[in-house]
Every structure is written in structure tokens, then in C-alpha cells.
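Single-structure report; data block below.
There are 2 protein chains.
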Amino acid sequence: MVYTGKDIKNIVSEIIEKKKNEGGLKSLYFVGCGGSLGALYPAKTFMEKEATCMRSAWINSNEFVHNTPNDFGKNSILLLACHKGNTPETIAAAKLGKEKGASVIILTWLEESEIIEFGDYIVKYTFDASPDHLAGDIDYAGEKTMCALYVAVEAVNQTEGYKNYDKFYEGAARITTIIRNAREQVKDRALAFAKEYKNDDMIYTMGSGAGYGAAYMESICIFMEMQWINSASIHTGEYFHGPFEVTDANRPFVIQVSEGSTRALDERCLKFLKKYAKRIEILDAKELGLSTIDATVIDYFNHSLFNNVYPIYNHALAEERKHPLTTRRYMWKVEY
Amino acid sequence: MVYTGKDIKNIVSEIIEKKKNEGGLKSLYFVGCGGSLGALYPAKTFMEKEATCMRSAWINSNEFVHNTPNDFGKNSILLLACHKGNTPETIAAAKLGKEKGASVIILTWLEESEIIEFGDYIVKYTFDASPDHLAGDIDYAGEKTMCALYVAVEAVNQTEGYKNYDKFYEGAARITTIIRNAREQVKDRALAFAKEYKNDDMIYTMGSGAGYGAAYMESICIFMEMQWINSASIHTGEYFHGPFEVTDANRPFVIQVSEGSTRALDERCLKFLKKYAKRIEILDAKELGLSTIDATVIDYFNHSLFNNVYPIYNHALAEERKHPLTTRRYMWKVEY
């Protein structure tokens, strides 16, 4: 049986019911590798902020397998993301979850793969599989980042209660339209970005809050992996405590200005960048239309917005650099 | 009253006793900025691995103040690190801690500063204040990273129990000798490193487990802040899921090979780097003598070892580049 994001409420109910005689649901682990780990970041921040009893952590699959938390077991949900179901480290994490008696939820794009035999629940997420993810015709509320959030929201709401539960799902119902409009809005800007930065060999990304995950993914999956451009993602709260000393008029920064509780951190960096950096690309969630989502829950939607606006930039950059996003020199090609 | 690392056992006892009639100690927050946040990383990993009930999180001060976890309050310890006690965002976090009724422990180097009025317990850590931290004559078991670990170890042991408690303190008793020997051991290597990399404008650091904090600090505080060299810290579990595509024979990587549970992750990256990267500097905790510490607790000491071996490299690099570690263009000089 393969589920979708809409089934997550019932999946979590079933898990909680099952664990009732085993001491209850006590921890929720978000585990994956690279972009699949980054996509779980908003759910991690949700648990840190909104849960008051349940433990949680956000851990790379290989670290999780080699350095497993002591409480991981029958009172845990293990939430894995694995795009094609063939990442060996994440398969190993799923196996470990089965052995330890955890409830294993696997977010994946393929219905059939190596990993699915080790999952209690296989959730197929929506994914824009068109070249360079340009089609933009999917239901963004069904993507992996949103599915991970649903697991967190349901786990908290069904155990200790979550007062902004309805507002959260109202936000989810709006995200697809917001993203589609935002993607249209940045088209010209993305072309200009590509022309301006095509010869740069180092580009920083910046972000905060739940949206930091999108800055991390753009840095490691696009600039480093798909364009071979050196990169680092800098948390805007950390910028003034070391990283800002590399700032100069030549070095490019892509800065996400989030909507919600950490906007002040991003705006402070932006003000500084405008004075000393010059070559900056600003993704402002307010300008991109996120603000129709209620203020109590808006934080958690920044990631989906930024992460789905980036492909417009990425495609333009790849075209301008004549370096297709699919080009690899090591991944799937050499032993590692 | 100013305490030291040796008082932390009693401090935690007192806090737990005080909270008994208020629902008990339920969460432990590690909060700081830049290097002060990085130094708390091993304690974060300790809580994730060893605690089974207590919640914890590791959060930048400004993010913490703007996006405060809902459960933060009278059942929490807020553990802050603030070197000179004058970081505005960390002072704001301490104030918030007081307002919310949390027990605020401040790790600091100065006995008198702005922050101390907002702390319930002021713990003065040891710090090598000699130029470029070269003297090496301090008690490394009293440093901020170790003090943060003591808070975590005591919080877990005094509530739910920690079976490797004695082994942990035996390790702590050995760390100073290990670090001093390791610093001697790398002296020549550090000079060669400085000569080799003095003209590079981008250097990656890599690490895993508790030691990842040291890789983060070297990247943001030394390469970026003190040498204006572009940098990023890459988790060795994440390397093969994006970042490794930037690897080539010219790009330098400083890789920490930890002792303990995540060593396999580091070794896998090292093998790849040796084949494709060529310009690599290896800090191997085993070779540097960490292995006399018991295997059950060794993970948590990697950070202190690496973080205190780096100054030998950093001094040599700064000399070779004629760029003193104290040089800043923005920090303390312009408005931000």
C-alpha cells in the first residue's frame, strides 16, 4: 500500500494507537542524506518550537546508523526521505528502524524500490520531474517537505495538541498558488542573475528559521553538486559572528528574507550586505507573496517557497554556463 | 559568586532540587553565537545520543530570542556561552531566560561583564589567552566545550542516569595531556600546511559526530573571520550527497578523522579525497593520541582535541600570510 501526504493524519493516528500499550510515542527522528535531509529541516524546526514533550532530532543517515540515539526504538517514529529509494545509508537507517521496533515512515518518489520493504508506511510525495523542474504543475502541498511537516504537526497535535493546527492546513492549501505566482515573478530576475554570476566560482547562500533548509539545499545540491561552484550556507544569525569578514564588493550572496519570526535576522544581514557586498540576490518571501498565510504558522512555509523558486534561477544559470544540471563527475560514476 | 567547571555537578544538583516542586527539569537549551555556539556542539550531540527523556536543542542566540521554543521556561536550563559577556544577542537570550523563569547558566571568560546580571550561575572557563593561543599551559578540561558537556552529563546522570559517567570523567582527566602532546606533534606539519595553502582563497573543513563543531568553528572563526578565506564545513556523512562534486586536485580540504562511532564516515571521505583531491590536510584523532580514552565516551572528546590542535596551524598560516589572526575589517569597527 502506497500512501500520499493526505493519508498522514491517519498514519500517525494508527502509530499512536499501536504504541499506546508500549509506552506511547516519545520521539520523532528526521533522517536522510543531502537534499533529502535538507527537505526535512522545516519539520525539525517545527518540533523544536512547538512540541513540549516529544524528543526529536535531525540527523544524516550514516551518522544515525553509526551513532544511534539511545532512546531510538519502539517509542519512536523514524521519518526517512529517500527520493528513488536506493540511497544505501538511508536503506541502512530504515533496516535499523525495523530491527529496533520503531515505526518507519518513508517519504519517497518511487513506489517500487529497495527501501520500501523496510518501511511500515510508504508515502509517495509529489515531485516536479520535468526537465530542470520547470513545469510547475504539481501540487506543492504534497511535496516531501510538506509531508514531513504533516508528520510533525500530526504527532504534536494528536499527543499534546497544537493550537494553530487549522491555520497550518489553511496555509498548506495556499502554498501551491503562492509558489506558482512566485516562480512567474522571478523569471526575468533569474535570467539577469545567470548572466551576472555565470563566471563566479564561489556563491554563498543565507537564511534562517525553517527556511534555512532551503539555503542549505541550494548550496550543496545546486551550486556544489550540479554546477561545481564552491558554496556555503550561512545562517543569518551566525553571519555577524565570523562569516561576515569574508564580505566584499565582489563576492556573491543569495539571501533569503523569510516571512515570520526570524525576518529581523535576515533584514539585518541584508542591510549590511547592501552596504558592503553589492553583488547580492534577494529572495524576499513577503515580496514573493507568502504573507497571505497566517502569521502563527507562516514560518514553516518559507522553505517550500524558496526551494521552489530556486529552480527558475538554477535553470537559467545552467543554461548560461552551458553546464546542465544533470552533469556529474563522481556521483553514480565512480566508486565511493 | 563565580564558579568553574568543577562546580557544575553541584550547580546541576541545585537546579534539579529547585525544580522538583515545579515539575522537574525537562529541557536543556544550548545557545550562543558563532564560536560560542560551535563550542556547545559536543554537548548537543551528547543530549541527542544519551538522554532518553529530556528535550534539548542547539540554537543561535538571535534565532532563539526571535523564535523561542514553546516549552522554554521554568522547567528548562538555558546554557549560554559568551566569551567576554558583551554579545548583544546572547545577553538578550539571557534576559529572556530570566523572564521565563529558566535556570540560566552562563559560560564566560570574564568575571565582570554586562551579561552576568542575567545569569543564575556564572561559570568561568579556562582559556588560553596568550597570543594566537600558543602557550598551551591551561587546564583544557576546564574549557567552555568541556563545561557544556559537564552540564549535559550531569543533567542526564542526575535525572535518568548515565551508565558511562565514571568513564566520561576519566576521559576528562586525560584530555589536557593528550592535547598538549598533539599540539607538539603537529608543529612541523602546521608549518608545511601554511606554506602550501597560503595563497588559497577557499578551504573546506570536514568532520562528523561531536567533532563537527570544531570543523564549523575552524571554518567560520578562523578561515572566514580571521583570514578572510572563503570556507564551508562539510559533514562527512553529507559529503557524498552533493558537496563532493566540487572536489578536484586543486581544492584544499582539512579533514578531521574522529575516534569513536563516526570514524567510518570520515575514513570513507578520506579514501575518496586521497584519490581525487590530492591537497588534503588530515587531523586523525587516533594518530593524535585520543585513543587512551575509553571507547564508550571517546566521541565527546574529539572536538576538544581538534579545536586545540588548530591554533598551531592557524598561527603558522597567519604568519605565512602576514595576516595576523586579530585583523578585522568589520567586527567591532563598523555598525552592524
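The listed protein sequences correspond, in order, to chains Y and L. Residue numbers for the first sequence follow the numbering used here, so the first one is 10 and each next one is one higher. Residue numbers for the second sequence follow the numbering used here, so the first one is 10 and each next one is one higher. The beta-carbon is built from N, C-alpha and C at its ideal position, and this holds for glycine as well. On a predicted model such as this, the values are computed, not experimentally measured, just so you know.
Contacts around residue i, its chain only, beta-carbon distance under 8 Å, and the 5 residues preceding and following it disregarded
{"i": "M215 of chain L", "result": "A224, S242, I243, H244, T245, Y248, F262, V263, I264, Q265, D275, C278"}
{"i": "D209 of chain Y", "result": "I238, P261"}
{"i": "F55 of chain Y", "result": "L158, A161, V162, V165, A219, Y309"}
{"i": "M233 of chain L", "result": "N239, S240"}
Below-8 Å beta-carbon distance, residue i vs any chain L residue
{"i": "M214 of chain Y", "result": "Inspection of the sequence shows that residue 214 of chain Y is occupied by Thr rather than by Met. Closer than 8 Å: no."}
{"i": "E205 of chain Y", "result": "no"}
{"i": "P354 of chain Y", "result": "Outside the shown range of chain Y (10 to 345) lies residue 354 of chain Y, about which nothing can therefore be said."}
{"i": "V160 of chain Y", "result": "no"}
{"i": "A157 of chain Y", "result": "no"}
{"i": "N323 of chain Y", "result": "no"}
{"i": "P261 of chain Y", "result": "no"}
{"i": "I229 of chain Y", "result": "yes"}
Pairwise C-alpha distance: residue j and residue i
{"i": "A343 of chain L", "j": "E254 of chain Y", "result": "Inspection of the sequence shows that residue 343 of chain L is occupied by Val rather than by Ala. So the two alpha carbons sit approximately 11 Å from each other."}
{"i": "I20 of chain L", "j": "C156 of chain L", "result": "12 Å"}
{"i": "S112 of chain L", "j": "M63 of chain L", "result": "15 Å"}
{"i": "I131 of chain L", "j": "K107 of chain Y", "result": "45 Å"}
{"i": "L297 of chain L", "j": "A201 of chain L", "result": "17 Å"}
{"i": "I25 of chain Y", "j": "I187 of chain L", "result": "48 Å"}
{"i": "Y206 of chain Y", "j": "D303 of chain L", "result": "50 Å"}
{"i": "D175 of chain L", "j": "A181 of chain L", "result": "10 Å"}
{"i": "G145 of chain Y", "j": "I289 of chain L", "result": "42 Å"}
{"i": "N317 of chain L", "j": "I147 of chain L", "result": "11 Å"}
{"i": "I184 of chain L", "j": "T117 of chain L", "result": "20 Å"}
{"i": "L49 of chain L", "j": "W67 of chain L", "result": "8 Å"}
{"i": "L282 of chain L", "j": "W341 of chain Y", "result": "17 Å"}
{"i": "K53 of chain L", "j": "E329 of chain Y", "result": "43 Å"}
{"i": "K27 of chain Y", "j": "I100 of chain Y", "result": "24 Å"}
{"i": "K109 of chain Y", "j": "D129 of chain Y", "result": "13 Å"}
Cβ pair residue i, residue j closer than 8 Å
{"i": "G218 of chain L", "j": "E72 of chain Y", "result": "yes"}
{"i": "P78 of chain L", "j": "E57 of chain Y", "result": "yes"}
{"i": "S313 of chain L", "j": "T135 of chain L", "result": "no"}
{"i": "V40 of chain L", "j": "S70 of chain L", "result": "yes"}
{"i": "A203 of chain Y", "j": "A325 of chain Y", "result": "yes"}
{"i": "Y159 of chain Y", "j": "L87 of chain Y", "result": "no"}
{"i": "N323 of chain L", "j": "I229 of chain L", "result": "no"}
{"i": "Q167 of chain L", "j": "S22 of chain L", "result": "yes"}
{"i": "I125 of chain Y", "j": "L89 of chain Y", "result": "no"}
{"i": "A138 of chain L", "j": "H75 of chain Y", "result": "no"}
{"i": "T256 of chain Y", "j": "Y285 of chain Y", "result": "yes"}
{"i": "F315 of chain Y", "j": "L292 of chain Y", "result": "yes"}
Same chain, Cβ closer than 6 Å to residue i, five either side skipped, listed in chain order
{"i": "I84 of chain L", "result": "One detail in the question is off: residue 84 of chain L reads as Asn in this sequence, not Ile. Result list for N84 of chain L: G32, K35, in chain order."}
{"i": "V165 of chain L", "result": "E59, A60, Y171"}
{"i": "P252 of chain Y", "result": "I243"}
{"i": "M226 of chain L", "result": "G44, G47"}
{"i": "M211 of chain Y", "result": "N239"}
{"i": "G269 of chain L", "result": "I307, D308"}
{"i": "T96 of chain L", "result": "C42"}
{"i": "E152 of chain L", "result": "Y134, T135"}
Whole-angstrom C-beta distance between residue j and residue i, which should lie under 8 Å
{"i": "E163 of chain L", "j": "K18 of chain L", "result": "5 Å"}
{"i": "V306 of chain L", "j": "K133 of chain L", "result": "Rounded, the Cβ-Cβ distance is 25 Å, inconsistent with contact."}
{"i": "K287 of chain L", "j": "A258 of chain L", "result": "4 Å"}
{"i": "E123 of chain Y", "j": "G82 of chain Y", "result": "Going by Cβ atoms, the distance from E123 of chain Y to G82 of chain Y rounds to 23 Å, so no, they are not a contact pair."}
{"i": "G14 of chain L", "j": "A150 of chain L", "result": "7 Å"}
{"i": "H250 of chain Y", "j": "C42 of chain L", "result": "4 Å"}
{"i": "Q236 of chain L", "j": "H332 of chain L", "result": "6 Å"}
Near the ligand GTP: residue i beta-carbon under 7 Å from a heavy atom
{"i": "F310 of chain L", "result": "Looking for the ligand GTP in the displayed structure turns up nothing, as the structure carries no ligands at all."}
Cβ of residue i within 8 Å of any chain Y Cβ
{"i": "K58 of chain L", "result": "yes"}
{"i": "F39 of chain L", "result": "no"}
{"i": "Y174 of chain L", "result": "no"}
{"i": "R338 of chain L", "result": "yes"}
{"i": "W341 of chain L", "result": "no"}
{"i": "E247 of chain L", "result": "yes"}
{"i": "F310 of chain L", "result": "no"}
{"i": "H142 of chain L", "result": "no"}
{"i": "S270 of chain L", "result": "yes"}
{"i": "C91 of chain L", "result": "no"}
{"i": "H244 of chain L", "result": "yes"}
Residues near residue i in its chain [Cβ-Cβ closer than 7 Å; skip 5 each side]
{"i": "I321 of chain Y", "result": "R192, V195, K196, A199"}
{"i": "Y339 of chain Y", "result": "Y345"}
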